[in-house]
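Chains as they are written, first to last, in full-length UniProt numbering: chain A, 1 to 196; chain B, 1 to 196. We treat Cβ as the ideally placed atom computed from N, Cα and C, and that holds for glycine. These numbers come from a predicted model, not from an experiment. Structure record follows, encoded as structure tokens.
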């Protein structure tokens with residue numbers, strides 16, 4: 001057998017920029033699902049397969065694991081920001097969207113624990129930046145006199161709920177998260193993705 | 001150069017069973033410190049060095065990483081059980097000892113998140129067994145009508161506090177843990193090791 005002259009990884013994407021954008025979106029969605037099921041160490045080949053693209057396409061968009069995980073996180077944070085920016089957004093609604101992401105996305109869970117990471121400082125700085133965006137989105141809507149209004153209590157509560165989220169299915173994790181909010185005495189809106 | 005006929009790892013411990021017990025204790029104490037500083041992935045050679053023994057001695061006592069981490073966890077759990085079994089033990093005191101271990105030991109932190117682990121089922125079963133011992137120790141002392149008395153709230157709260165624990169120093173982590181207990185409205189005794 002002969003090797004192809006140009007390895008698959010180096011060929012330009014078929015279909016131009018539109019297909020490239022479509023592939024990127026599909027890869028992020030696939031990564032989100034695979035991470036949720038298998039954790040952040042899931043093989044990249046599984047993600048490419050789920051997205052219906054070759055591994056070469058995956059590497060063209062995301063040169064390493066961190067880049068792909070970062071894109072998924074960024075998308076999670078963007079949804080929370082959009083929920084917060086929606087007309088008549090309520091704090092409880094945004095907490096519900098946040099809780100959805102916490103229960104749905106293993107990667108996002110890790111992000112909200114980022115304060116505890118030791119080493120790997122570049123990833124940490126990135127994660128802290130995303131975490132601050134989540135805090136800003138929530139804080140803007142925090143009602144006056146809310147029980148999480150003081151000091152760092154808002155993001156502490158988010159870390160506590162994230163820390164308590166565990167279980168084999170998303171539904172198990174949602175039940176744990178809602179129990180945790182209840183223990184904190186904090187009201188949460190429907191647990192669902194923004195626009196979902 | 002000639003190789004020794006019997007590699008260091010296979011030679012019996014010098015000094016007999018007493019020295020062996022001393023080495024084991026030193027290795028567990030060293031592992032606890034190294035884990036706290038560098039996480040569970042810290043090189044075993046650093047642990048042997050801190051304990052003042054050769055790597056061969058380490059491997060004789062703990063054939064792999066999991067065995068050593070398991071021994072550290074077991075020792076943490078035993079201290080909580082001893083605190084709970086002490087004469088006139090109070091729930092708040094035992095929570096203080098638990099909080100000490102949570103802020104001091106990266107390994108122990110991971111244990112209390114064990115419910116969320118995916119895969120590695122043998123380690124998970126082991127961790128859940130230890131987690132149940134912690135629950136039993138605490139539950140026996142839970143005052144009637146305590147805010148964490150219902151259903152699974154006790155270990156949920158422990159997971160929430162563990163999940164919120166983050167920070168570069170033990171003091172930072174203790175501050176976070178105490179803030180988390182405060183948010184939960186749960187009184188905690190002095191944060192210290194049992195007998196410390």
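Does the beta carbon of residue i come closer than 7 Å to any beta carbon on chain B?
i, result
"residue 44 of chain A", "no"
"residue 131 of chain A", "no"
"residue 48 of chain A", "no"
"residue 155 of chain A", "no"
"residue 159 of chain A", "yes"
"residue 20 of chain A", "no"
Compare the C-beta of residue i against all C-beta atoms of chain A and say whether one is closer than 7 Å.
i, result
"residue 41 of chain B", "no"
"residue 163 of chain B", "yes"
Skipping 5 residues on each side, what residues in its chain have a beta carbon closer than 8 Å to that of residue i?
i, result
"residue 146 of chain B", "91"
"residue 175 of chain B", "167"
"residue 99 of chain B", "161, 174, 177, 178, 181, 188 and 191"
"residue 89 of chain A", "83 and 141"
"residue 38 of chain B", "46"
"residue 139 of chain B", "154"
Label residue i either buried or exposed according to how many other C-beta atoms from any shown protein chain fall within 10 Å of its C-beta, with 16 as the threshold for buried.
i, result
"residue 173 of chain B", "buried"
"residue 154 of chain B", "buried"
"residue 163 of chain B", "buried"
"residue 87 of chain A", "exposed"
"residue 41 of chain B", "exposed"
"residue 64 of chain B", "exposed"
"residue 166 of chain A", "buried"
"residue 48 of chain A", "buried"
"residue 103 of chain A", "buried"
"residue 169 of chain B", "exposed"
Residue i touches chain B at which residues, Cβ-Cβ below 7 Å?
i, result
"residue 65 of chain A", "The contacting residues do not exist; residue 65 of chain A stays about 17 Å from chain B at best."
List, in chain order, every chain A residue whose beta-carbon is nearer than 7 Å to that of residue i.
i, result
"residue 30 of chain B", "Chain A residues near residue 30 of chain B: none, gap ~18 Å exceeds 7 Å."
"residue 184 of chain B", "183 and 184"
"residue 24 of chain B", "Under the 7 Å cutoff, chain A gives no residues; its nearest Cβ is about 27 Å from residue 24 of chain B."
"residue 60 of chain B", "Simply none; closest approach about 29 Å."
"residue 86 of chain B", "What residue 86 of chain B touches in chain A: nothing, since even the nearest Cβ is about 28 Å away."
"residue 170 of chain B", "Residues of chain A passing the Cβ test: none, with the nearest at roughly 12 Å."
Measure the beta-carbon distance from residue i to residue j and round it to whole angstroms, keeping in mind my assumption that it falls under 8 Å.
i, j, result
"residue 141 of chain A", "residue 84 of chain A", "6 Å"
"residue 157 of chain A", "residue 183 of chain B", "6 Å"
"residue 95 of chain B", "residue 188 of chain B", "5 Å"
"residue 160 of chain A", "residue 180 of chain A", "6 Å"
"residue 186 of chain B", "residue 134 of chain B", "So it is not a contact: roughly 16 Å between Cβ atoms."
"residue 51 of chain B", "residue 30 of chain B", "4 Å"
"residue 53 of chain A", "residue 26 of chain A", "7 Å"
To which residues of the same chain is residue i closer than 7 Å at the C-beta, ignoring the five residues directly before and after it?
i, result
"residue 45 of chain B", "55"
"residue 28 of chain A", "71, 72 and 75"
"residue 149 of chain B", "142"
"residue 93 of chain A", "83 and 189"
"residue 61 of chain A", "23, 24 and 27"
"residue 5 of chain A", "Any reading at residue 5 of chain A needs caution, since the residue's pLDDT is 43, under 50, leaving its predicted position unreliable; the model's value is listed next. Closer than 7 Å at Cβ, skipping near neighbours: no residue."
Along chain A, which residues have their Cβ under 9 Å away from the Cβ of residue i?
i, result
"residue 179 of chain B", "151, 152, 153 and 156"
"residue 78 of chain B", "None at all; the shortest Cβ gap to chain A is about 24 Å."
"residue 139 of chain B", "What residue 139 of chain B touches in chain A: nothing, since even the nearest Cβ is about 16 Å away."
May I ask whether a heavy atom of the ligand SAH can be found less than 6 Å away from the beta carbon of residue i?
i, result
"residue 36 of chain A", "By its list of ligands, the structure shown contains no ligand whatsoever, and the ligand SAH lies outside what it can speak to."
Report all residues from its chain with a CB closer than 6 Å to the CB of residue i; omit the five preceding and five following residues, and keep chain order.
i, result
"residue 97 of chain A", "80, 83 and 194"
"residue 57 of chain A", "23"
"residue 190 of chain B", "96"
"residue 152 of chain B", "none"
Name, please, each residue of chain B whose Cβ falls closer than 8 Å to the Cβ of residue i.
i, result
"residue 192 of chain A", "Ordered by position in chain B, no residue passes the 8 Å Cβ test against residue 192 of chain A, which lies about 21 Å from the chain."
So residue i contacts chain A; which residues on that side make the cut at Cβ distance below 8 Å?
i, result
"residue 69 of chain B", "What residue 69 of chain B touches in chain A: nothing, since even the nearest Cβ is about 16 Å away."
So is residue i in contact with chain D if we call contact Cβ pairs under 7 Å?
i, result
"residue 101 of chain A", "Within the model displayed, chain D is absent; protein chains A and B are what it includes."
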